[in-house]
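Quick note: the sequence shown uses numbering that gives the first Met the number 0, first residue 0, plus one each step.
For reference, the structure is listed below as structure tokens.
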Amino acid sequence: MNDDTRNTWNKATKAVHAGTRRSQYGEVSEAIFMTQGFVYDTAEQAEARFESIGPDEFIYARYGNPTVAMFEERIAALEGAEDAFATASGMAAVNGALMSILKAGDHVVSARALFGSCLYIAEEILPRFGVEVTLVDGGDLAQWEAAIRPDTRAVFFESLSNPALELVDIKAVAELAHANGALVVCDNVFATPVYSNAIAQGVDLVIYSATKHIDGQGRALGGVILGSRELIRKTVEPFMKHTGGSMSPFTAWIMLKGLETMALRVKAQTAAAAQIAQALQGHAQLSKVIYPGLDSHPQHALAMSQMGAGGTMLAIEVKGGKEASYRFLNACKIGIISNNLGDAKTILTPPAFTTHQRLPQDQKDALGITPGLVRISIGLEDPDDLIADFMAALSH
Ligand SMILES: *Cc1c(COP(=O)(O)O)cnc(C)c1O
């Protein structure tokens with residue numbers, strides 16, 4: 000099969016077949032090449048491979064590995080990106096994407112509503128290396144426009160933010176960034192690869208924590224950076240392969256198998272999330288039900304045009320603060336209290352006291368991370384069972 004045939008496949012076909020490399024044994028399930036290195040037939044071959052590496056040639060697993068290459072090709076095909084580099088975790092991907100394109104003296108504009116570790120990179124690490132970071136309210140285009148300058152090298156945001164589910168208008172921010180020569184780096188975890196058109200919408204580097212919907216079953220940490228061949232191979236790869244954040248072959252195998260079922264899982268989780276959000280909306284014990292698929296979400300129209308669906312995550316605010324939200328959490332019998340997301344199991348998280356515990360109160364207030372807020376990652380259980388469980392827990 001040549002690449003031209005593959006490019007005409009629809010996503011479901013790519014999710015199962017793209018990137019497949021069969022060994023001489025013709026295995027059906029992708030092989031795990033659990034090897035750190037590769038043997039050369041001759042010294043001349045070793046020399047030639049270090050000089051220039053072919054598409055089916057490998058040197059050392061930190062640089063590349065056949066199982067990892069299968070995962071990179073499959074996720075790149077799904078995302079509509081030219082190329083990808085797989086990483087040891089989502090944070091290795093965020094750090095690698097930013098550090099590989101930035102240098103001292105550069106300016107970055109970032110949305111304020113970020114996953115805790117992403118915020119640590121923006122607020123603590125980048126400034127330590129002489130990168131100036133301006134934080135903006137990601138949903139407010141005027142703030143992006145005011146903050147982006149001719150010396151802005153990159154803009155960074157989560158397209159759908161954790162935990163308050165605010166959207167960034169990818170196309171509009173990309174236009175502002177590109178007009179100033181800045182690269183667009185998007186952490187697209189909450190949108191998922193299933194509802195992503197990020198490359199077409201103008202993102203230069205798309206990042207996923209594969210730990211979330213790509214694995215989808217809570218087994219392994221992983222991540223990926225996607226973009227043009229030029230950016231991935233000339234800028235991202237040299238940084239990643241020399242700094243050690245590469246994905247292991249075993250993890251790549253888990254993620255490859257995850258990609259085969261990802262769309263089925265994410266679509267079922269999204270349908271369930273929509274049904275559950277609808278059922279919870281207006282409940283007397285809740286001051287808020289936040290779900291981008293609901294008409295009541297302030298950016299519902301943008302969610303529909305950008306993602307085409309509301310996604311697998313919702314957030315509720317229980318009336319009565321911490322005490323009431325903890326009573327709800329402790330009374331739920333199906334959803335588990337944890338901090339992963341995109342999992343087959345429904346996962347409940349109180350962000351104010353866990354993932355975002357360290358934020359100062361004023362920042363929590365600005366991000367809507369109130370004591371009563373509960374983030375819910377909808378799993379693959381029967382949605383009617385989940386609704387009954389949530390209703391019972393709310394009446395506790
Ligand atoms: C989980 C997550 C990350 C980090 O991914 P890890 O695989 O845990 O390193 C980054 N961004 C977002 C939005 C996430 O949800």
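A virtual CB, placed ideally from N, CA and C, is assigned to each residue, including glycine.
Throw me the rounded Cβ distance for the I253 and D214 pair, which I believe falls under 8 Å. Here residue 253 is taken as the residue at index 254 of the sequence shown, counted from 1. Here residue 214 is taken as the residue at index 215 of the sequence shown, counted from 1. With a Cβ gap of about 6 Å, I253 and D214 count as contacting.
With P291 and G310 assumed to form a contact (beta carbons below 8 Å), what rounded beta-carbon distance in angstroms separates them? Along the sequence shown, read from residue 1 onward, the residue named residue 291 stands at position 292. Along the sequence shown, read from residue 1 onward, the residue named residue 310 stands at position 311. Going by Cβ atoms, the distance from P291 to G310 rounds to 6 Å, so yes, they are a contact pair.
Mind checking whether the beta-carbon of A251 lies closer than 8 Å to any heavy atom of ligand 1? The sequence position of residue 251 within the sequence shown is 252, counting from 1. For ligand 1, not one heavy atom lies less than 8 Å from the Cβ of A251.
Backbone CA spacing between S376 and G201 [nearest angstrom]: Residue mapping note: residue 376 aligns to position 377 of the sequence shown, counting from 1. Residue mapping note: residue 201 aligns to position 202 of the sequence shown, counting from 1. Rounded to whole angstroms, S376 and G201 show a C-alpha spacing of 28 Å.
Who are F114's beta bridge partners in DSSP? Locating residue 114 in the sequence shown gives position 115, where the first residue counts as 1. F114 is not bridged to any residue.
Cβ-based burial, K13 [other Cβ within 10 Å; buried from 16]: For the purposes of this step, residue 13 is taken as the residue at position 14 of the sequence shown. The residue is buried, with at least 16 neighbouring Cβ atoms inside 10 Å.
CA-CA distance, V38 and N64? Counted from its first residue, the sequence shown places residue 38 at position 39. Counted from its first residue, the sequence shown places residue 64 at position 65. Going from the Cα of V38 to the Cα of N64 covers about 13 Å.
Out of L255, Q23, A178, state which residue places its alpha-carbon closest to the alpha-carbon of M69. Sequence index remark: in the sequence shown, residue 69 carries index 70 (1-based). Per the C-alpha coordinates, the member of L255, Q23, A178 positioned closest to M69 is L255.
Give me the residue from I124, M246, K318, H299 with the minimum Cα distance to G281. One-based indexing of the sequence shown puts residue 281 at position 282. When only C-alpha atoms are compared, the closest one is K318.
Selection from G180, A209, A181 that minimises the alpha carbon distance to A190: In the sequence shown, residue 190 corresponds to position 191, counting from 1. For the set G180, A209, A181, the Cα lying nearest the Cα of A190 is the one of A209.
From the DSSP output, in three-state form, read off G217 for me. On the sequence shown, residue 217 is found 218 positions in, with the first residue counted as 1. G217: coil per DSSP, three-state reduction.
Rounded to the nearest angstrom, what separates Y119 and L358 at their Cα positions? Position 120 of the sequence shown, counted from the start, is the residue given in the question as residue 119. Position 359 of the sequence shown, counted from the start, is the residue given in the question as residue 358. Between Y119 and L358, the C-alpha separation is close to 10 Å.
Alpha carbon to alpha carbon, how far is H299 from G371? Give it in angstroms, no decimals. Here residue 371 refers to the residue found at position 372 when the sequence shown is read from its first residue. Here residue 299 refers to the residue found at position 300 when the sequence shown is read from its first residue. Rounded to the nearest angstrom, the gap between the Cα atoms of G371 and H299 is 23 Å.
For ligand 1, is there any heavy atom lying closer than 8 Å to the beta carbon of G301? As a first step, residue 301 must be located in the sequence shown, where it is residue number 302. Here residue 301 is Leu; the residue named in the question, Gly, does not match the sequence. Taking non-hydrogen atoms of ligand 1 into account, the C-beta of L301 is found less than 8 Å away from none of them.
Coil, strand or helix - G257 by DSSP: Indexing the sequence shown from 1 puts residue 257 at position 258. The answer is helix: DSSP assigns G257 an H, G or I state.
Three-state class that DSSP yields for L204 in the structure shown: Sequence index remark: in the sequence shown, residue 204 carries index 205 (1-based). DSSP places L204 in strand when its eight states are reduced to three.
Within this structure, are the beta carbons of Q403 and A323 separated by less than 9 Å? Residue 403 is absent from the model: the chain starts at 0 and stops at 395.
What whole-angstrom Cβ distance do T66 and S245 have, given they're in contact under 8 Å? Residue 66 sits at position 67 when you count from the first residue of the sequence shown. Residue 245 sits at position 246 when you count from the first residue of the sequence shown. Contact annotation, T66 with S245: C-beta distance approximately 12 Å; criterion of less than 8 Å not satisfied.
Does the contact criterion of 3 or more C-beta pairs under 8 Å hold for the segment 221-228 versus the segment 52-62? Touching, no, given that fewer than three Cβ pairs across the two stretches are closer than 8 Å.
Chain-order list of residues whose beta-carbon lies under 7 Å from that of N128 (same chain, five-residue window excluded): Start at 1 with the first residue of the sequence shown, and residue 128 comes out as number 129. The displayed chain sequence assigns Phe, not Asn, to residue 128. The answer, listed in chain order, is A103.
Buried or exposed for H395, please, with buried defined as at least 16 other CB atoms from any protein chain shown within 10 angstroms of its CB. Working through the sequence shown from its first residue, we reach residue 395 at position 396. Per the 10 Å Cβ criterion, exposed.
Nearest by alpha-carbon distance to K240: which of F389, S99, A141, L393 is it? By 1-based counting over the sequence shown, the position of residue 240 is 241. Nearest in C-alpha terms to K240, of all of F389, S99, A141, L393, is S99.
Report the rounded CA-to-CA distance for Q362 versus A145, giving the unit in angstroms. What you label residue 362 is simply residue 363 of the sequence shown in a count that begins at 1. What you label residue 145 is simply residue 146 of the sequence shown in a count that begins at 1. Looking at the two C-alpha atoms, the distance is approximately 21 Å.
Would you say V193 touches ligand 1, meaning its beta carbon is less than 8 Å from a heavy atom? In the sequence shown, counting from the first residue as 1, residue 193 sits at position 194. V193 Cβ: outside cutoff for every heavy atom of ligand 1.
Cβ pair V373, A308 closer than 9 Å: Within the sequence shown, the letter at position 374 stands for residue 373. Within the sequence shown, the letter at position 309 stands for residue 308. The beta carbons of V373 and A308 sit no closer together than 9 Å.
Just to check my reading of the structure: R228 and D82 have Cβ atoms closer than 8 Å, yes? What is that Cβ distance to the nearest angstrom? Within the sequence shown, residue 228 is the residue found at index 229, counting from 1. Within the sequence shown, residue 82 is the residue found at index 83, counting from 1. Indeed, because the Cβ distance is near 4 Å, the residues count as touching under 8 Å.
Which partner residues does H106 have in the DSSP bridge list? As a working note, residue 106 is residue 107 in the sequence shown. In the DSSP output, where bridge partners are listed per residue, H106 has E131, T151.
Which one or two residues does DSSP pair with M312 in a beta bridge? Taking the first residue of the sequence shown as 1, we reach residue 312 at position 313. M312 is bridged by DSSP to S376.
Taking 7 Å as the limit between beta carbons, can you name the residues of its chain near K170, skipping five residues before and five after? Counting from one through the sequence shown, the residue named residue 170 turns up at place 171. Leaving aside the five residues that flank K170 on each side, the residues in its chain whose CB is nearer than 7 Å to its CB run, in chain order, Q200, G201.
Output needed for Q35: all residues of its chain with C-beta closer than 6 Å, excluding positions within five of it in sequence on either side, in chain order. Position 36 of the sequence shown holds residue 35. Excluding residues within five positions, the ones whose Cβ falls inside 6 Å are A60.
S286 lies in the beta strand (DSSP E); which residues open and close that run? Translated into positions along the sequence shown, residue 286 becomes position 287. Residues 285-289.
Can you give me the C-alpha to C-alpha distance between M0 and E46, rounded to a whole angstrom? Residue numbering aside, residue 0 sits at position 1 when the sequence shown is read from its first letter. Residue numbering aside, residue 46 sits at position 47 when the sequence shown is read from its first letter. Unreliable positioning characterises M0 in this predicted model, as indicated by a pLDDT of 41, which lies under 50. A coordinate reading is not provided.
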